[in-house]
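Visitor: Residue numbering for the sequence shown is 5 to 96, as defined by my numbering.
Just so you know, even glycine gets a beta-carbon here, dropped at the ideal spot from N, CA and C.
The structure follows.
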Amino acid sequence: MPQTKYDLEERLLEFAVRIIRVTESIKRTRAGNHVADQLLRSGTSPFGIHGEAEGAESRADFIHKLKVCYKELREARRWLRLVTKAPREGGH
């Protein structure tokens, strides 16, 4: 059985791209703008934070940055749950 390479950087990049697509589909209302902005920030920042972690100055710094990355991903998951409950452009 071939071994699948686990490339976190690539996975975070793909996640960020998907987040951008989702935020573009959210209705441009006061609430929609707020949710889209929050989701965009929390859903794309892990890609950048992971890059910072790769350049960490110590093991403790690396661990801290990955914990921040995970925290942002948890927040994005919450915003995504909200988006699935709220109406979007085109009635989706």
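1) Thinking C-alpha only, which one of Lys89, Ser46, Arg82 is nearest isoleucine 24?
2) I need the DSSP call for serine 49, collapsed to helix, strand or coil.
3) Here's the rule I'm using: 16 or more other beta-carbon atoms within 10 Å means buried, otherwise exposed. How should alanine 40 be labelled?
4) In the structure shown, what three-state DSSP assignment does alanine 35 receive?
5) Taking DSSP as the reference, what is the three-state secondary structure of threonine 55?
6) Look at the alpha carbon of valine 26 and the alpha carbon of glutamate 18, and state the distance between them as a whole number of angstroms.
Guide: Judging by the given coordinates:
1) Position 20 of the sequence shown, counted from the start, is the residue given in the question as residue 24. Out of Lys89, Ser46, Arg82, Ser46 has the C-alpha closest to the C-alpha of isoleucine 24.
2) The count along the sequence shown starts at 1 and reaches residue 49 at position 45. The answer is helix: DSSP assigns serine 49 an H, G or I state.
3) In the sequence shown, residue 40 corresponds to position 36, counting from 1. The C-beta of alanine 40 has 16 or more other C-beta atoms within 10 Å across all chains shown, which makes the residue buried.
4) Numbered from 1 along the sequence shown, position 31 holds the residue referred to as residue 35. Residue state, collapsed to three classes: helix.
5) Residue mapping note: residue 55 aligns to position 51 of the sequence shown, counting from 1. With the sequence shown as reference, residue 55 is identified as glycine, and threonine is not the correct amino acid for it. Three-state result, glycine 55: helix.
6) As a first step, residue 26 is located in the sequence shown; it is residue number 22 there, counting from the start. As a first step, residue 18 is located in the sequence shown; it is residue number 14 there, counting from the start. Each residue's Cα considered, the two are about 12 Å apart.
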